[in-house]
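Reminder that position 34 of the sequence shown reads as 33 in numbering that gives the first Met the number 0, one-by-one numbering, no gaps.
Scroll down for the structure; my scribbles are underneath it.
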Amino acid sequence: MIESIRNFRIGVSLVERKSSWRIVFLAWMLGSVLGLNGCARYPELDPRAEPPADYTYIIGPGDTLEMFVWGNPEITRSVTVRPDGKISAPLVEELPATGKTPYQLARDIEKELSRYIRNPLVTVIVSNFVGPYSEQIRVVGEAANPQAVPYREHMTLLDLMIAVGGVTEFAAGNRATIVRRINGEQRQFRVRIDDLLKDGDITANVDLLPGDILIIPEAFF
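As structure tokens, this is what we get:
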């Protein structure tokens, strides 16, 4: 009688264990299907995406600027754009810089200096790029170092992966997506990071545009 009870308990335990594994397996399958379907509903990003023909770099907070005032070396210097978007230099105080091109800022500096110097000639060169927040490329999710990366003209997905140190071991690289604003509308596209980094598939090395957001999800195990 005791032996029968023991065998019955063992049988029940095995059934419960099998049921538990069946539930885990079904949950994993469901998650995989949902993940694949979720990724599949987004179109793949066109590898070539040229920035606007008239694209010009826009100065942003954190940029380092070389301000050359010809014939006046005592004023020539390196300045950093403050978080409030302004710069300060000798004879130039609290001058807004964010949102301007280097050419536009140089003309504004000339206007300020003209009160003290006859016909000043100014050149502004950006030596350390950060750029305005709206033009930075943001990387979120399973990147080794998720961060906002300054956009560079003709920047590609591989360039971005180098900047953030690649992906983590938990990343589902081929389910990554890029969020891009096109004609005022936000759209989402599939990209194939695993194919690019692991297989060297150059067709997966898509062009990026200012303001892109790269989302790298976690893989299901």
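Note that beta-carbon positions come from the ideal geometry of N, C-alpha and C, so glycine has one too.
As the structure is a computational prediction, the values presented were derived from the model and not from experiment.
In the DSSP assignment, R106 falls within the unbroken alpha helix (DSSP H) covering P101 to L112. For the set L104, R191 and E73, the Cα lying nearest the Cα of G84 is the one of L104. Contact check for V129 and P149: beta-carbon distance about 5 Å, within the 8 Å limit, so the pair qualifies.
CA-to-CA, the gap between H153 and G210 works out to about 14 Å. Looking at the DSSP output, L94 sits in a beta bridge with I86.
V80 has no beta-bridge partner at all, per DSSP. The criterion of a C-beta distance shorter than 8 Å is satisfied by L64 and V80. Contact between the segment 110 to 123 and the segment 185 to 196 is absent: fewer than 3 CB-CB pairs across the two stretches fall below 8 Å. Looking from the CA of V123, the closest CA among I86, E93, E141 and R137 belongs to I86. N127 carries a strand assignment under DSSP once its states are collapsed to helix, strand and coil. In the DSSP assignment, V68 falls within the unbroken beta strand (DSSP E) covering T63 to V68. The Cβ atoms of A218 and A170 lie closer than 8 Å to each other.
For T122, DSSP records a beta bridge to F67. Looking from the CA of G61, the closest CA among P72, N118, N127 and I214 belongs to N127.
In the displayed model, L44 falls within coil according to three-state DSSP, outside both helix and strand. Non-local beta-carbon contacts of L157 in its own chain, meaning distances under 6 Å to residues more than five positions away in sequence, involve N204 in chain order. In this structure, DSSP gives I201 a helical state, which the three-state scheme calls helix. D45 and D194 have their C-alpha atoms spaced approximately 15 Å apart.
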